[in-house]
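Structure first, commentary second.
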Amino acid sequence: MRKSNNRWKKIALGGAIGLAVLGFLVLIGDLVKLFIISAILAYLLDPLVTSLEGRGLNRLQATATLYILLSMVLGGLLFLLMPALASEFQALQTGLDIEKTMTFLDKVEKLIVSWLKFLGIRNLNLSQKFGQAMVDYGNQVFSNLLSVVTLITNLVLIPLMAFFLLKDWRAIKKRLISLVPNRYFEFVLILIYKIDQQTGRYIRGQVLDAIIIGILATFALWLLEVRYFVVIGAFTGVANLIPYVGPISGAILAISVTLIETGDFIHAVYVAIAFSIVELADKALVQPNVVAKAVNLPPLLIIVVIIIGGKFFGVLGMLLSVPVTGALKVSLQEGYKIFRQYRFS
Amino acid sequence: MIDSFWGNIFRGPDKEKENIRKTLKKIPIFEGLTKKELAAVERILHRREYKSGEIIFYQGEPAAGMYIIEQGKVKVYLEATQQVLVELHDGDFFGELGLLDDSPRSATVIATMDSTMLGLFKTDLLELISHSPRLGVKIILQLSTVLGRRLRKSNDQVQALQVKLHTLTQKRKANAGKTDAKEQ
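If you read the sequences in order, they're chains A and B.
Take the first sequence: its letter number 94 is residue 93 in numbering that gives the first Met the number 0, and every next letter is one higher.
Take the second sequence: its letter number 5 is residue 4 in numbering that gives the first Met the number 0, and every next letter is one higher.
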């Protein structure tokens, strides 16, 4: 009886500590976000650093060499793609043809009103709301300028944190393990290794999947001559990290742009078909080969964590919530599997 | 107590590293490794201190890797019968099969005096193989040699036992034949 009482006390204490840690993490949210993104970047780059180490470099040299190579590649890509990307972004900022959009919104409104007449809907004022949104957007430009400073700071901080994680992760891990009491030491050692492996595989799979989808979507949109195809394609790839919501939002964006730009419903249907094919290819060909099979999150859990991520950490939280939950699930699964093999009383 | 505390502070990491390297040089698995390679092995070792009577691992638990006794004494025994298989001390190593296969620990090991162990684990060895394959192969080859030598010794023992058994069976048959003849 006393033993079970003690166990409940331990569970309650563990829960309280967990909640306190969670609260603390929410309080220092920005730092947590930075750390998670850096860790993801480190997981992505780790196999490359390890393979450079295999060629006789030490960890510091390998990490530094990879950073130099990557900056050269990224610099080259930016140099080549900058003119095209810049003109696309400029077109995106100035090219949103307000008059065309207003006419399109009026058309949509008439259609919706004719469909929903039986509900008593007469006037939606869509175009007026759009106009207001444009004014709000203009007001936001100043606050956006401020966030550019944060963005640049983060662009420097994230690779820097990832660099130190890549270089020192083994030493940090060894130091952490040295703090574990003898009885639990082997268990923790195996657990950390398994979590590290599985999380790395999961994150690399997700990101690779997103990149492939991004490229496929960009290619499809380019074939269909949709305007801003690079930006929409990239958005679709990134959004793909959020299951269910991601692929649909990419498709909606592409269809809306096609409708606003051309006003041609048939063209929009082609875009929808192209997105369905990309989605199908993802589910049938890419995901089974790239994404770790062990991590199957139930749909309801995915929706809940996306909402929680969005609530506490914004859009980035929505993007990161699923990979982080996936990594947590893998950790719990592996932990339980190994724990059962030990005789802890 | 206070003496050992200050002793530990003043012993410093260099002295510790020197001790580890001295111990490693005596282990056949690390034979033929250069100074640089020994330093790489040392980086993946875990130094653990055990009190007298403390269990190092239990029979039946997952085998994570091997331990080298830097200083101290341990007893290896079977759980069911409490039969002591062997007692090991400074410079000896145990659990090396755990570096190669996934089968559980075949015996329990307990420290019989305050001891310091150096743990080399499969997880770390796998990481070492991925980033320093040449060194990894050297260690695995040496490990195979050690295990091969041990297997050959076991085979010889089994063979000797089989010969003994055969002789005994022959003797028993001969004796049984003689008794039958007498009875007739």
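Every residue, glycine too, gets a C-beta built ideally from N, C-alpha and C.
Note that this is a predicted model, so its numbers are computed, not measured.
Same chain, Cβ closer than 6 Å to residue i, neighbours up to 5 away in sequence not counted
i: Gly-308 of chain A; result: Gly-316, Met-317, Ser-320
i: Ile-128 of chain B; result: Gly-135
i: Leu-76 of chain A; result: none
i: Val-147 of chain A; result: none
i: Glu-95 of chain B; result: Met-65
i: Gln-58 of chain B; result: Glu-78, Arg-104, Ala-106, Thr-107
i: Phe-274 of chain A; result: Ala-250
i: Lys-25 of chain B; result: Gly-90
i: Met-0 of chain A; result: Low per-residue confidence applies at Met-0 of chain A: pLDDT is 48, beneath 50, and the placement is therefore not dependable, though the value from the model is reported in the following sentence. Around Met-0 of chain A: no qualifying Cβ.
Straight-line gap, residue i to residue j (C-alpha atoms, nearest Å)
i: Gly-55 of chain A; j: Leu-43 of chain A; result: 21 Å
i: Ser-105 of chain B; j: Gly-97 of chain B; result: 10 Å
i: Leu-37 of chain B; j: Tyr-201 of chain A; result: 34 Å
i: Val-75 of chain B; j: Leu-87 of chain B; result: 8 Å
i: Val-31 of chain A; j: Glu-278 of chain A; result: 32 Å
i: Ala-253 of chain A; j: Ile-302 of chain A; result: 23 Å
i: Pro-246 of chain A; j: Asp-281 of chain A; result: 10 Å
i: Pro-46 of chain A; j: Leu-79 of chain A; result: 27 Å
i: Leu-18 of chain A; j: Thr-111 of chain B; result: 42 Å
i: Ala-85 of chain A; j: Ile-231 of chain A; result: 14 Å
i: Ala-238 of chain A; j: Val-270 of chain A; result: 17 Å
i: Pro-180 of chain A; j: Ala-63 of chain B; result: 16 Å
i: Gln-156 of chain B; j: Lys-163 of chain B; result: 10 Å
i: Thr-33 of chain B; j: Ala-219 of chain A; result: 56 Å
i: Asp-91 of chain B; j: Ser-177 of chain A; result: 22 Å
i: Val-229 of chain A; j: Thr-152 of chain A; result: 26 Å
i: Glu-352 of chain A; j: Leu-124 of chain B; result: Nothing can be reported for residue 352 of chain A, as the shown portion of chain A is limited to 0 through 344.
i: Arg-46 of chain B; j: Ser-248 of chain A; result: 53 Å
i: Arg-42 of chain B; j: Leu-69 of chain A; result: 28 Å
i: Val-145 of chain B; j: Ile-138 of chain B; result: 11 Å
i: Gln-161 of chain B; j: Asp-179 of chain B; result: 27 Å
Residue environment, residue i, which counts as buried when at least 16 other CB atoms sit within 10 Å
i: Met-81 of chain A; result: exposed
i: Arg-151 of chain B; result: exposed
i: Glu-30 of chain B; result: exposed
i: Gln-205 of chain A; result: buried
i: Asn-295 of chain A; result: exposed
i: Asp-263 of chain A; result: exposed
i: Tyr-227 of chain A; result: buried
i: Tyr-49 of chain B; result: buried
i: Phe-162 of chain A; result: buried
i: Tyr-335 of chain A; result: exposed
i: Ser-51 of chain B; result: exposed
i: Glu-69 of chain B; result: buried
i: Ala-233 of chain A; result: buried
i: Tyr-183 of chain A; result: exposed
i: Ala-209 of chain A; result: buried
i: Glu-224 of chain A; result: exposed
Sequence-distant residues of its chain with Cβ nearer than 8 Å to residue i (five each side left out)
i: Glu-17 of chain B; result: none
i: Leu-300 of chain A; result: Thr-324
i: Arg-6 of chain A; result: none
DSSP-derived helix/strand/coil call for residue i
i: Lys-50 of chain B; result: coil
i: Ser-102 of chain B; result: coil
i: Ser-131 of chain B; result: coil
i: Leu-26 of chain A; result: helix
i: Met-317 of chain A; result: helix
i: Phe-343 of chain A; result: coil
i: Met-160 of chain A; result: helix
i: Gly-325 of chain A; result: helix
i: Ala-224 of chain A; result: A small correction: the amino acid at residue 224 of chain A is Glu; Ala does not occupy that position in the sequence shown. Three-state result, Glu-224 of chain A: coil.
i: Val-196 of chain B; result: The shown model of chain B, from 0 to 183, leaves out residue 196 of chain B, and the question about it has no answer.
i: Tyr-243 of chain A; result: coil
i: Gly-64 of chain B; result: strand
i: Lys-8 of chain A; result: helix
i: Leu-77 of chain B; result: coil
i: Met-116 of chain B; result: strand
Neighbourhood of residue i by C-beta, 7 Å cutoff - its chain only, sequence neighbours within 5 removed
i: Ile-36 of chain A; result: Ile-157
i: Val-244 of chain A; result: Ile-305
The ligand NAP heavy atom lying under 7 Å from the CB of residue i
i: Ser-129 of chain B; result: The ligand NAP is not among the ligands present in this structure, which contains no ligands whatsoever.
Inset, instruction - Check distances from the C-beta atoms of the stretch 167-193 of chain A to those of chain B and list, in chain order, the residues that come in under 9 Å. - result: Arg-169, Ala-170, Lys-173, Ile-176, Ser-177, Asn-181, Arg-182, Phe-184, Glu-185, Phe-186, Leu-188, Ile-189, Ile-191, Tyr-192, Lys-193
Legend entry - Residues of the stretch 215-244 of chain A whose Cβ lies closer than 9 Å to any Cβ of chain B, in chain order: Taken residue by residue, none of the stretch 215-244 of chain A has a beta-carbon sitting less than 9 Å from a beta-carbon on chain B.
Inset, instruction - Below 7 Å between beta carbons is the criterion; list the residues of the stretch 108-126 of chain B that meet it against any residue of chain A, in chain order. - result: Residues of the stretch 108-126 of chain B with a Cβ closer than 7 Å to any Cβ of chain A, in chain order: Phe-120, Thr-122.
Inset, instruction - For the stretch 48-60 of chain A, enumerate the residues whose C-beta is nearer than 7 Å to any C-beta of chain B, in chain order. - result: Thr-49, Glu-52, Gly-53
Inset, instruction - Check each residue of the stretch 322-343 of chain A: if its Cβ is closer than 9 Å to any Cβ of chain B, include it; give the result in chain order. - result: For the stretch 322-343 of chain A, the set of positions with a beta-carbon nearer than 9 Å to some beta-carbon of chain B reads Ile-337, Gln-340, Tyr-341, Arg-342 in chain order.
Inset, instruction - Quick one: which residues of the stretch 50-75 of chain B get their C-beta closer than 7 Å to a C-beta of chain A? List them in chain order. - result: Of all residues in the stretch 50-75 of chain B, the ones placed with a Cβ closer than 7 Å to any Cβ belonging to chain A are Glu-53, Phe-56, Tyr-57, Glu-60, Pro-61, Ala-63, in chain order.
Legend entry - chain A contacts made by the stretch 125-141 of chain B, where a contact means CB separation under 9 Å: If the cut-off is 9 Å between Cβ atoms, the stretch 125-141 of chain B has Leu-125, Glu-126, Ser-129, His-130, Ser-131, Pro-132, Arg-133 near chain A.
Inset, instruction - Using a Cβ-Cβ cut-off of less than 7 Å, list which residues of the stretch 21-51 of chain B approach chain A; keep chain order. - result: Taking 7 Å as the cut-off between beta carbons, the residues of the stretch 21-51 of chain B near chain A are His-45, Arg-47, Tyr-49, in sequence order.
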